[in-house]
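Enquirer:
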Amino acid sequence: MSSLLRLLCFRSTSLPRLAMSFSSCRSASSSNVKATALTRFVDENGAIRCGQRTDDGITALLVEDDDPLGSLRFTGETATIEKLLAPVVPSQILGIGLNYRKHARETNQAEPKFPVLFTKGVNALQHPHGPVVIPRIASDPPEVDYECELAVVLKEACCNVTETEALTFVGGYTCANDISARRWQGAKGGGQWCRAKTFDTFCPLGPVLVTPELIPDPQTLDIATYLNGEQVQKSNTSDMIFSVANLISQLSQDCTLPKGTLILTGTSEGVGFTRNPPIFLAPGDMVEIEIERIGKLVNPVVSASAI
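Under full-length UniProt numbering, the residues of the sequence shown are numbered 1 to 307, in order.
1. Go ahead and pull the three-state DSSP assignment for residue 312.
2. Mapping the DSSP letters down to three states, classify ARG275 as helix, strand or coil.
3. What is the DSSP secondary structure of VAL89, counted as helix, strand or coil?
4. Pull the bridge partners of PRO204 from the DSSP assignment, please.
5. Shortest alpha-carbon distance to PHE169 belongs to which of LYS259, GLY295, PRO277, LEU61?
6. Is the beta carbon of LEU85 sitting closer than 8 Å to the one on ILE58?
7. How many Å lie between LEU209 and PRO300 at the Cα?
8. Work out the CA separation of LEU38 and LYS234 for me, nearest whole Å.
9. Considering ALA224, what are the terminal residues of the beta strand (DSSP E) in which it resides?
10. Please report the distance separating the alpha-carbon of ASP55 from that of VAL89.
11. Buried or exposed, going by whether 16 or more other CB atoms sit within 10 Å of the CB of LYS296?
12. What is the DSSP secondary structure of GLU106, counted as helix, strand or coil?
13. Just to confirm my understanding: we take LYS102, look at its own chain, exclude 5 residues before and 5 after, and list those with CB closer than 8 Å. What are they?
14. Does the segment 61-79 come close enough to the segment 114-123 to have 3 or more Cβ pairs within less than 8 Å?
15. Checking the sheet assignment: what are the DSSP bridge partners for LEU297?
16. Would you decide whether SER27 is buried or exposed? Buried here means 16 or more other CB atoms lie within 10 Å of its CB.
17. On the DSSP letters alone, give me the boundaries of the alpha helix (DSSP H) that ARG195 sits inside.
What follows is the structure, given as structure tokens:
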């Protein structure tokens with residue numbers, strides 16, 4: 001593995017650890033010891049694997065069936081991390097708009113009475129350290145914006161669940177960047193947001209999927225965005241208008257939410273288009289999403305003409 005790749009793997013920082021040594025995990029492979037911070041990756045043989053990173057930062061202790069939404073029991077085997085992948089491949093991506101009070105205020109809009117729902121295509125998924133590609137039709141003038149978001153993944157299907165039971169369907173939490181092309185969200189959008197938010201690479205996700213054992217209350221997490229090392233968003237999930245549990249309950253009343261549903265729970269204040277002057281992503285930028293107890297999602301920005 002090159003030194004650069006080792007650095008990239010290591011830079012998905014601050015990953016939660018098991019409260020026990022990994023040597024003891026290996027010896028307990030037949031027990032009920034489970035992973036709590038899942039990483040998907042390409043191993044040294046080119047296979048896609050899933051497990052929990054060990055202390056050396058470049059190997060992972062594998063879980064049964066390589067499934068981040070499965071039993072999560074360790075197999076006792078390890079593999080080398082050659083390339084980080086998004087921690088889950090979602091069955092669908094649902095997004096929520098205007099779900100932070102201060103963000104609603106900065107956009108001069110009233111707080112919604114019901115969740116503002118949109119979808120992103122699974123094609124928008126991007127891996128940690130993978131490039132965010134600015135489309136040609138969204139490059140002149142600049143309009144592509146960042147949005148830090150707590151992402152929630154369902155471990156099983158649910159329908160008509162109550163707010164009280166909603167969190168029992170959560171398989172884990174991760175960082176997401178709901179990249180958005182603002183003109184296509186507004187004047188060119190025809191009254192909908194989907195096209196603005198579903199360009200290829202517009203949903204970076206990762207670096208790990210953290211289980212509810214490490215995040216029993218998702219409404220207490222610090223969340224931030226850094227653009228080229230400068231903090232541009234800073235908030236806490238307590239500022240959400242609709243809690244994670246409330247969102248799952250309300251969405252499940254519309255339709256059955258299948259296993260693997262990814263819910264982007266909204267962004268906080270500080271997005272680029274509300275600033276004076278506005279800030280938009282440009283080729284050469286580095287954007288980082290950081291959420292307490294999860295870690296940091298890092299992605300460079302490139303133009304479509306560069307790939």
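Cβ atoms here follow ideal geometry from the backbone N, Cα and C, with glycine treated the same way.
Expert: The short version:
1. Outside the shown range of the chain, which is 1 to 307, sits residue 312, and nothing can be said about it.
2. Here residue 275 refers to the residue found at position 275 of the sequence shown. In this structure, ARG275 counts as coil in the three-state DSSP scheme.
3. Start at 1 with the first residue of the sequence shown, and residue 89 comes out as number 89. Three-state DSSP puts VAL89 in coil, outside helix and strand.
4. Walking along the sequence shown from the start, residue 204 turns up at place 204. DSSP, once it has assigned bridges, lists GLN126 as partnering PRO204.
5. Counting from one through the sequence shown, the residue named residue 169 turns up at place 169. Checking every option, the nearest Cα to that of PHE169 belongs to LYS259.
6. Your numbering for residue 85 matches position 85 in the sequence shown. Your numbering for residue 58 matches position 58 in the sequence shown. Going by C-beta atoms, LEU85 is not nearer than 8 Å to ILE58.
7. On the sequence shown, residue 209 is found 209 positions in, with the first residue counted as 1. On the sequence shown, residue 300 is found 300 positions in, with the first residue counted as 1. Taking the straight line joining both Cα atoms gives about 21 Å.
8. For the purposes of this step, residue 234 is identified with residue 234 of the sequence shown, where counting begins at 1. For the purposes of this step, residue 38 is identified with residue 38 of the sequence shown, where counting begins at 1. Cα-Cα distance, rounded: 25 Å.
9. Counted from its first residue, the sequence shown places residue 224 at position 224. Run containing ALA224: 222-227, per the beta strand (DSSP E) assignment.
10. Your numbering for residue 55 matches position 55 in the sequence shown. Your numbering for residue 89 matches position 89 in the sequence shown. Straight-line Cα distance between these residues: approximately 25 Å.
11. Translated into the one-based positions of the sequence shown, residue 296 becomes position 296. With 16 or more other Cβ atoms within 10 Å, it is buried.
12. Position 106 of the sequence shown, counted from the start, is the residue given in the question as residue 106. In the structure shown, GLU106 sits in a helix (DSSP, three-state: H, G or I).
13. As a first step, residue 102 is located in the sequence shown; it is residue number 102 there, counting from the start. Same-chain partners within the cutoff: SER235, ASP239, SER268, GLU269.
14. no
15. Residue 297 sits at position 297 when you count from the first residue of the sequence shown. Looking at the DSSP assignment, LEU297 forms a beta bridge with ILE289.
16. What you label residue 27 is simply residue 27 of the sequence shown in a count that begins at 1. Reliability of the predicted coordinates at SER27 is poor, the pLDDT of 40 falling under 50, and no value is obtained from them.
17. To locate residue 195, count along the sequence shown from 1; it is residue 195. Unbroken alpha helix (DSSP H) run through ARG195: 194-197.
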